[in-house]
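Undergrad: Counted from 1, the sequence shown has number 11 at position 12 by numbering that gives the first Met the number 0; the numbering is strictly sequential. We treat Cβ as the ideally placed atom computed from N, Cα and C, and that holds for glycine. The model shown is predicted, which means the values in this text are computed figures rather than measured ones. I have a structure here, written as C-alpha cells, and I will follow up with some questions on it.
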Amino acid sequence: MNQNSARSKWALSLIEDQLGISTIKKSATGKPFFVDAPYYINWSHNDTTLVYVLSERGQVGVDIEEENLFYDEHLHGWVLHEEEKRRIVNGTEFSEVWTRKEAILKCTGEGIHEKMNEFSSYQTTNFTVTTLYMNKVCISVCSEYDEGIECIVC
C-alpha cells in the first residue's frame, strides 16, 4: 500500500480523530507507531471498510480483503508456502491465507518481501493469528499475545 495515498491519509486521519491522538508516525518500513502513547497499533482498509487494532501488550498486525479473493497460481504462487497452497486446494479461501500472511508481516514490521513463501501463516509459534469473516470481508489479526487486543471496524 502506498503510504502517501489519499486513502492512507484518510485512514490515518480517521484513526487519529477517533482516538483523539495526533502522534502516529510510521517507521521506514511503513509500520505505524504512537510517538507518546503506550499502545501498539496497526490498520488496514479496502474500498468500504477501515479496521484497526490496538494493543497495550505488544506488536499487532491486521489485514482486510474482500471474501472470495481470486487465486491464480501464476500470479500469487510465489508468495505462498507449500502448506498454504495445499490449504487452498483443500478449500481454504485465498482471502484467509492472504490476510493471515499479511497480518503477520505487518505485525513483525517486515511487510511484503521476496522470501515470504518461506513461512506458513499456519505454522507460526511466535504469534497468535485470528481470522474472522463479516460483511463480505475477511479480516485477520496477528499479535504477539492472545489477549488484550481491541479490533475496531469502521
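(1) Beta carbon of D62, beta carbon of K105: below 9 Å?
(2) Say whether the region 112 to 128 touches the region 39 to 53, bearing in mind that this needs 3 or more beta-carbon pairs closer than 8 Å, one atom from each stretch.
(3) Out of F93, F126, A27 and R6, state which residue places its alpha-carbon closest to the alpha-carbon of T47.
(4) Would you tell me roughly how many angstroms separate the C-alpha atoms of F69 and S12, rounded to the nearest one?
(5) With DSSP as the reference, label D145 as helix, strand or coil.
(6) Have a look at Q2 and E15 and give me their C-alpha separation to the nearest angstrom.
(7) From this set, G19, L49, Q17 and P37, which residue's C-alpha is nearest V136's C-alpha?
TA: Reading from the atomic positions:
(1) yes
(2) Contact fails: fewer than three Cβ-Cβ distances are below 8 Å.
(3) R6
(4) 31 Å
(5) coil
(6) For Q2, the pLDDT reaches just 49, beneath the cut-off of 50, and the residue's location in the model is therefore unreliable, leaving the point undetermined.
(7) L49
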